[in-house]
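Peer 1:
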Amino acid sequence: KAMINSLNTNLDIQKSETSKIENVDFENLAFGRTFTDHMFVCDFIDGKWQQPKIMPYQAMTFEPSARVFHYGQAVFEGMKAYKDNAGKIWLFRPEANHKRINISSARLAMPEFPKDYFFAGLETLLKMDKEWIQPGIGNSLYIRPFVIATEPAISASPASTYRFMIICSPAKAYYSGKVRVLFAEKYSRSADGGVGFAKASGNYAAQFYPTSLAQEKGYQQIIWTDAHTHEYLEEAGTMNIFFRIDDRLVTAPTSDRILDGITRKSIIQLAEDNGVTVEIRRVPVTEIKEAARNGSLKEIFGAGTAAVVSPISAFEHGNEVFEIPDLENSYASKFKKQLQDIQHNLSEDKHGWRHEV
Ligand code: COI
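The opening residue of the sequence shown carries number 4 in full-length UniProt numbering; numbering runs sequentially from there.
1. Given this structure, state the Cα-to-Cα distance separating Met6 from Asp15, to the nearest angstrom.
2. For the beta strand (DSSP E) that contains Lys86, what are its first and last residues?
3. Taking the alpha helix (DSSP H) that Thr289 falls in, what are its first and last residues?
4. Helix, strand or coil for Asp263? Go by DSSP, reduced to three states.
5. Evaluate the contact criterion for the stretch 175-183 versus the stretch 117-136: three or more CB pairs, one atom per stretch, below 8 Å.
6. Mapping the DSSP letters down to three states, classify Phe318 as helix, strand or coil.
7. Where do the ends of the alpha helix (DSSP H) carrying Phe122 lie?
8. Should Arg103 go down as buried or exposed, given a rule of 16 or more other Cβ atoms within 10 Å for buried?
9. In angstroms, rounded to a whole number, what distance separates the CA positions of Glu154 and Pro97?
10. Is Phe43 near Ile169, with beta carbons less than 8 Å apart?
11. Ordered along the chain, which non-local residues of its own chain (more than five positions away) have a Cβ less than 8 Å from that of Val324?
12. Do Ile261 and Glu238 have their C-beta atoms within less than 8 Å of each other?
13. What separation, rounded to the nearest whole angstrom, lies between the Cα atoms of Tyr207 and Glu293?
14. For Arg251, tell me which candidate among Leu236, Asp259, Phe38, Ala274 has the shortest Cα-Cα distance.
15. Would you be able to state if there are at least three C-beta pairs under 8 Å between the stretch 274-284 and the stretch 210-229?
16. List the whole-angstrom C-beta distance separating Arg296 from Pro256, where the pair is believed to meet the contact cut-off of C-beta under 8 Å.
17. Comparing alpha-carbon positions, which option in Gly307, Pro314, Thr254 lies nearest Val286?
18. In chain order, what are the residue ranges of uninterrupted beta strand (DSSP E) at least 3 long that sit wholly in the stretch 155-239?
19. According to the neighbour-count rule (16 or more other Cβ atoms, all chains shown, within 10 Å of its Cβ), is Leu330 buried or exposed?
20. Tell me whether Gly75 counts as near the ligand COI, meaning its Cβ is closer than 7 Å to at least one heavy atom of that ligand.
21. Comparing C-alpha positions only, which one of His41, Ser108, Phe304, Cys171 sits nearest to Ser19?
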């Protein structure tokens, strides 16, 4: 066991004796199925975070009574690391992920994770597994920090012990083709005062069934509408949503029902940098259908860490299907390129979003 010092945080490091990397086909990666050689682990016991560790990626054992299995007391993050052409490793706005996992944790009555541990774990892990990050636009290492309630006790109350972990998975695009979506008319993702803004694991599980119904009809995702009236468009399951009406970009404001996406806020900033008017306001379903009918709806696209920027080619609502014609020089392709150029250290980073590892 070696001890290293990163950001003044000591980590216990147990290096894997072998690497699985030789068996990985980096050109054909299904999202989130291949994991790097190491993982970061830190337990919360007796009211404090214990010695953080890096160890070989491996299965873990928990008692069947661990609270996470019963009440879903769990939160997660999604972030990516990129390798530039000189071999340097970059994270994108990682402070925002650290902040958000703690916002999520607070809502789920879980302890916040210290920033120095988060960064020491992340940076050390990325340095150890850097061979797993492929250079080139479209390649990244998807990073999944998460926290679970480990205490073996099935009373419905917050646990007294937790495990914070980071695992990493080499990734290409989350959606390969065009994405077709259904606007939600019956099911809801989140409600006022609920946990929609948090990256709570249960928010995702709750979408699986309605999304599978949408998939049976040929749609990859649902764009969720407000739970009260189903009249306003909010977000999709894996991404925030933007609508281009003529030359304006429209997106719903964040709220306690909507995830405060880091790609979302970056796209808003890039659009403004490009002189595009961004309207952050409620988005009525009726307005989007009317804009699709009269031709002023030019684009719909999703934005998220895994999904990056994903154009939406069609939507269905009220048994009507609207196809959105392909557009040259779309905002989706333009802002996606600008975003990826910043992420891959190919362009100036005037907002200070890149973080070198
Ligand atoms: C991400 O974009 O990183 C997410 O967390 C969405 C996830 C469901 C893949």
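Ideal Cβ placement from N, Cα and C applies to all residues, glycine included. Since this is a predicted model, take the numbers as computed values, not measurements.
Peer 2: To lay it out plainly:
1. Residue placement at Met6 is flagged as unreliable, the pLDDT there being 44, under the threshold of 50; the coordinate-derived value follows with that caveat. Whole-angstrom Cα-Cα distance: 6 Å.
2. 82-86
3. Counting along the chain, the alpha helix (DSSP H) containing Thr289 begins and ends at 288-297.
4. coil
5. no
6. strand
7. 118-131
8. Buried.
9. 29 Å
10. Judged by beta-carbon spacing, Ile169 lies within the 8 Å limit of Phe43, meaning their Cβ atoms are closer than that value.
11. Ala317, Phe318
12. yes
13. 30 Å
14. Checked all of Leu236, Asp259, Phe38, Ala274; the closest Cα to Arg251 is Ala274.
15. no
16. 25 Å between Cβ atoms; not a contact.
17. Thr254
18. 165-174, 182-186, 224-228, 236-239
19. exposed
20. No; taking the cut-off as 7 Å, the Cβ of Gly75 has no heavy atom of the ligand COI nearer than that.
21. Closest option to Ser19, Cα to Cα, is His41.
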